[in-house]
RNA sequence: GCGGUCGUAGUGUAGUGGUUAGCACAAGAGUUUGUGGAACUCUUAGGGGGAGUUCGAAUCUCCUCGACCGCCCCA
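In this note's numbering, the protein residues as written are 166 to 590.
See the structure below:
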C-alpha cells in the first residue's frame, strides 16, 4: 500500500468520474444504436471464467494467457481468471446455451470491462472497457466486411478523424502451417541479422517477427515471403472477396501483410482500426477477425465465426484529443429555493409534484441561506428560480424569479407546475 | 518482466537544506440574519509512504508505492 492512511485505486485501474461519464455514455449510445440496427442481441457474460477456457481459446503460448491474466483460486480449489477479453466467454455461452439451434447467423454484442495484468501506459490499463460484435454460423466473406463496416461506422458516427483500416489474412490450418515453415526457413538463413527480440519471436511465434518495428529488421521483413502469396485457394478467394466488399462500400483500408494478431484463434481475415490524426495514438482502436476454428476448439460444433472488439478508454482519450463532445447533459432549467422549515416541507412536496409532471428541478434543501441557493441556481444555469419562504408557504404561493431579467411573479403553489411548464416552452 | 521521467491542499503550481511551506482556481461561511452572476473578509485543506544523512530535510541518499512515457504485447 502506497500510503497507510489512504486507500488508492490499484495499479492501472481508475475511476470513471461523473465528468467523464458523458463520453462513455455517448459511446454506449452510438454502439447500442448501431447494434440494434444491424440486429445484434446484447450479451453479458460473467467477468470470471475457468482459466482453462481462456488458455484453450486464446492460446497457451500467447502473452495474454501466459503473463497477463488475473488468476485466482476459489475455496473449492477451482482455477478461475478475470476475463482478458470477451470472445472466449461468449463462445462458451454460445455452446452452453445451445445457440447453434437459433436462426443463424447469430449476432451478439457486448460492452463491459476486461482485465489484463500489464504495465499501464498510454491507452493501456489493467481494467479497461471493451465493446465488441460477434457473428456465429456464417462463413461468407461478406460477414468479415460487415464487421469491419460496423466498427468503421461507429467511429465515424463518433466523429473520430482520419480513420484507417489495416487488413491482412493469416490463412487457416491448410495454408498457415506451410507458410510458417517457409518463413522459418527464410529467417533461419538471416538469423544473424535480426534483432534479439526477433530471435526470441522466431522461436516462440514466428509470425510475430513480421510485426517487429526494429530498424534493422525492416529489410528482412520486406524480403520475407508474404503470407498473402501463400494462401490456399479458399483463403485466397475469401480474402479477395472481403477486399472487394470493402471497395464496394468505399472504406479506406490498407493491406498490411505484417499484421498478425496476438491471439491464436484467428483464421483468414484479421484487421485493426486506427486514427492517424494529430496526437497520434499508435494504438489500435479496435481489432478483430475471423475465428472459424474456435467454437469447435472449445468443444462446440464446428461453427464459423467472426468478430472484433474496441477499447473504450482509447476512444475516450481520442475524443478528448479531437475535441469531440460527449453525450449531452440535461440542462437545469428550474431551481427550487426554500427558506425556513415550513417552506422546506412544502418544498419537498412541491419537488415531487414536478417530478410527477416530468419537469427537472434542482434544489439545495440542505442550504438555508437564500443567497447561497440563488448562487447555486446561477451556477447551474437555471432559467427560473422558485422561491418558497415562510411567508409564501403560509399564503400558499411561490415566487417565480426569471434569472435573466430578475423579474419576479407570485403564483399560487397549486398552479406553479403548470405555469412553469408553460414558460419553458 | 525491462528502461526513462516524475510525485507539494480537490485542481494547477511556487519554493533547491533552517520560511508560520506561498500563490491561483475550486469548495464552504460571511460582508444590514429573504434575493445570484462583481468585490472584499474569513475557513477548510498539502510535500505518496518508509528509512537514512544532518543540529535541522519538501529540498540530499536509498528503498517502496503510484502516475506518465517507451520496450514487450495488446483494445
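Every residue gets a Cβ at the ideal spot worked out from N, C-alpha and C, and that includes glycine. The structure presented is a predicted model; accordingly, all values stated were derived computationally and were not measured.
Looking at the strands, I want to know which residues DSSP matches up with residue 289. Taking the first residue of the first chain as position 1, residue 289 is located at position 124. When beta bridges are read from the DSSP output, residue 289 appears opposite 286.
Mapping DSSP to helix, strand and coil, what is residue 533? Counted from its first residue, the first chain places residue 533 at position 368. It is coil, neither helix nor strand.
Within the continuous beta strand (DSSP E) that includes residue 335, where are the two ends? Taking the first chain and counting its residues from 1, one reaches residue 335 at position 170. Premise fails: residue 335 is in no beta strand (DSSP E) and is neither H nor E.
What are the boundary residues of the beta strand (DSSP E) that includes residue 471? What you label residue 471 is simply residue 306 of the first chain in a count that begins at 1. Per DSSP, residue 471 belongs to the beta strand (DSSP E) from 470-476.
Burial state of residue 202, where buried means 16 or more other Cβ atoms lie within 10 Å: For this step, residue 202 is matched to residue 37 along the first chain. Exposed, by the Cβ-count rule.
Assigned secondary structure, residue 396 (DSSP; H/G/I helix, E/B strand, else coil): Residue mapping note: residue 396 aligns to position 231 of the first chain, counting from 1. In this structure, residue 396 counts as coil in the three-state DSSP scheme.
Run through the DSSP bridge pairs and tell me what residue 278 is partnered with. The residue you call residue 278 lines up with position 113 of the first chain. DSSP lists 294 as partners of residue 278.
Only counting the same chain, and skipping five residues up and downstream in sequence, which positions put a Cβ closer than 6 Å to that of residue 469? Working through the first chain from its first residue, we reach residue 469 at position 304. Once the five neighbours on either side are set aside, the close Cβ partners of residue 469 are 304, 457.
Three-state class that DSSP yields for residue 434 in the structure shown: If you number the first chain from 1, residue 434 lands on position 269. Looking at residue 434 - three-state DSSP - the assignment turns out to be strand.
Minimum C-alpha distance to residue 310 - residue among 535, 407, 551, 523: Numbered from 1 along the first chain, position 145 holds the residue referred to as residue 310. Looking at the Cα atoms, 407 is the closest of the given residues.
DSSP state of residue 460 mapped onto helix, strand, coil: Here residue 460 corresponds to residue number 295 of the first chain, with the count starting at 1. When DSSP states are grouped into helix, strand and coil, residue 460 belongs to the helix group.
Burial state of residue 337 (16 or more Cβ within 10 Å): Position 172 of the first chain, counted from the first residue, corresponds to residue 337. Answer is buried; the Cβ neighbour count reaches 16.
Sort 252, 463, 349, 394 by Cα distance to residue 272 and report the nearest one. Position 107 of the first chain holds residue 272. Of the listed residues, the one whose Cα sits closest to residue 272 is 252.
Residues near residue 167 by beta carbon distance below 7 Å, same chain, minus five either side: Taking the first chain and counting its residues from 1, one reaches residue 167 at position 2. Because the pLDDT of residue 167 is 46, which lies under 50, any placement of that residue in the model is unreliable, and the question is left without a value.
Which residues does DSSP pair with residue 577 in a beta bridge? Within the first chain, numbered from 1, the residue matching residue 577 stands at position 412. According to DSSP, residue 577 bridges with 562.
Reduced DSSP category for residue 500 - H, G, I as helix; E, B as strand; rest coil: What you label residue 500 is simply residue 335 of the first chain in a count that begins at 1. Three-state result, residue 500: strand.
Under 8 Å by Cβ, that's how I've got residue 276 and residue 293 pegged, so tell me the actual separation to the nearest angstrom. On the first chain, position 111 is the one that residue 276 refers to. On the first chain, position 128 is the one that residue 293 refers to. 12 Å between Cβ atoms; not a contact.
Please report the residue range of the beta strand (DSSP E) in which residue 368 lies. Position 203 of the first chain, counted from the start, is the residue given in the question as residue 368. Segment 361-369 is the alpha helix (DSSP H) holding residue 368; no beta strand (DSSP E) there.
Within a Cβ cutoff of 6 Å, which residues of the same chain sit near residue 564, ignoring the five residues on either side of it in sequence? As a first step, residue 564 must be located in the first chain, where it is residue number 399. Contacts found: 552, 573, 575.
Have a look at the DSSP bridge pairing and note the partners of residue 328. On the first chain, residue 328 is found 163 positions in, with the first residue counted as 1. According to DSSP, residue 328 shares a beta bridge with 440.
Between the Cα of residue 562 and those of 569, 439, 554, spot the shortest distance and give me the residue it belongs to. For the purposes of this step, residue 562 is taken as the residue at position 397 of the first chain. Cα-wise, what sits closest to residue 562 is 554.
Does DSSP put residue 256 in a helix, a strand or coil? Here the question's residue 256 lines up with position 91 in the first chain. Reduced to three states, the DSSP call for residue 256 is helix.
Going by beta-carbon coordinates alone, are residue 279 and residue 248 separated by less than 9 Å? Along the first chain, one-based indexing puts residue 279 at 114. Along the first chain, one-based indexing puts residue 248 at 83. Against a cut-off of 9 Å, the Cβ pair of residue 248 and residue 279 comes out as a contact.
Do the segment 223-234 and the segment 502-519 touch if we need at least three Cβ pairs shorter than 8 Å? No, because fewer than three Cβ pairs between the segment 223-234 and the segment 502-519 fall closer than 8 Å, the two stretches do not touch.
By Cβ distance below 6 Å, which residues in the same chain neighbour residue 461 in space, the five residues on each side in sequence not counted? Looking up residue 461 in the first chain gives position 296. Contacts found: 467.
Is it buried or exposed, residue 274, if we count other Cβ atoms within 10 angstroms and call 16 or more buried? As a working note, residue 274 is residue 109 in the first chain. Per the 10 Å Cβ criterion, buried.
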